[in-house]
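Quick note on numbering: my numbering labels position 51 of the sequence shown as 1269, and the sequence is numbered without any gaps. Even for Gly, the Cβ is constructed at its ideal location relative to N, Cα and C. Values in this document were obtained by computation on a predicted structure and should not be read as measured data. Everything on this sheet refers to the single structure shown next.
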Amino acid sequence: MATAKELKELSADDLKQRAAELRETLFQDQLKRRTGSLDNPAERTTHRRDLARVLTVLTQKTKAQG
């Protein structure tokens, strides 16, 4: 995933879209974990951290605008 510096260059709409994609990915990871077909549990942690990073940058952008 992108670093916070790279995420800051994206627009708010792009960040919202990326957050939605990561939420969907986390949902799929949760389903796979419950069915026992999750190959790499560390990916779930990575996706959670990426989502947090995106939401943090998005919050910073929205506070700076208004």
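Per the C-alpha coordinates, the member of T1221, K1226, H1265 positioned closest to A1282 is K1226. Separation of K1223 and T1277 (C-alpha to C-alpha, rounded to the nearest whole angstrom) is 14 Å.
The way I'd put it, the segment 1226-1236 doesn't touch the segment 1249-1259; fewer than three beta-carbon pairs between them come closer than 8 Å. Separation of D1247 and D1268 (C-alpha to C-alpha, rounded to the nearest whole angstrom) is 14 Å.
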